[in-house]
Amino acid sequence: MSAILGEDLVAMDIAARKKALLARHIAMYDSVEECDISGSSDSAICNVVPADIPALIADSGIERILCNGAASYAYLTKYNPKLAPIAVRLPSTSPANAACSLDNLICVWKRDGFKLTDGI
0 MSAILGEDLV
10 AMDIAARKKA
20 LLARHIAMYD
30 SVEECDISGS
40 SDSAICNVVP
50 ADIPALIADS
60 GIERILCNGA
70 ASYAYLTKYN
80 PKLAPIAVRL
90 PSTSPANAAC
100 SLDNLICVWK
110 RDGFKLTDGI
């Protein structure tokens, strides 16, 4: 997010990060509220309790949901199929996604996630 926004979010405290993201109309939330997982592999996820994204975004005017990786997208659309038309699956930023360099991730996230009309 820092590379996309051109601002060092890592150096900020949580309140400042929230303020910087909200100023750009960006919110972050997990598509899974709770689950069991062994290690960090998405294939090890079980006993999923989905986040209530529809309630979270009700009356918010949200037009697009960017999913950080295949698992995020799969769980969001599985439990909230009505959100599929506004969901965008982007490559995971997890270190486990070694096939994607940071430069490539930034390029794809900017191109497919954040459009020029977003003012970013």
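Quick note, the sequence shown lines up with residues 0 to 119 if you use numbering that gives the first Met the number 0. C-beta: ideal position from N, C-alpha, C; glycine also. This one's a predicted model, so the numbers in the text were calculated from it and none came from an experiment.
Using the Cα positions of residue i and residue j, report the straight-line distance between them to the nearest angstrom.
i	j	result
residue 116	residue 73	Note that residue 116 has pLDDT 48, beneath the 50 cutoff, so the model's placement of it is unreliable and no number is given.
residue 19	residue 12	11 Å
residue 58	residue 95	35 Å
residue 100	residue 81	32 Å
residue 32	residue 79	13 Å
residue 71	residue 30	6 Å
residue 84	residue 17	26 Å
residue 36	residue 23	33 Å
residue 15	residue 113	21 Å
residue 48	residue 91	21 Å
residue 69	residue 21	25 Å
residue 77	residue 111	21 Å
residue 46	residue 93	21 Å
residue 108	residue 42	23 Å
residue 124	residue 0	It is not possible to answer for residue 124, since the shown part of the chain is limited to 0 through 119.
Would you kindly check if the distance between the Cβ of residue j and the Cβ of residue i is under 8 Å?
i	j	result
residue 50	residue 64	no
residue 2	residue 105	yes
residue 52	residue 75	yes
Return the bridge partner residues of residue i from the DSSP annotation.
i	result
residue 16	Its beta-bridge partners do not exist; DSSP assigns none.
residue 88	66
residue 35	45
Check the C-beta distance from residue i over to residue j and give it rounded, since I have them as a contact under 8 Å.
i	j	result
residue 4	residue 28	Incorrect: roughly 18 Å between the Cβ atoms, too far for contact.
residue 67	residue 89	6 Å
Three or more beta-carbon pairs under 8 Å between the region 53-71 and the region 6-19, yes or no? no
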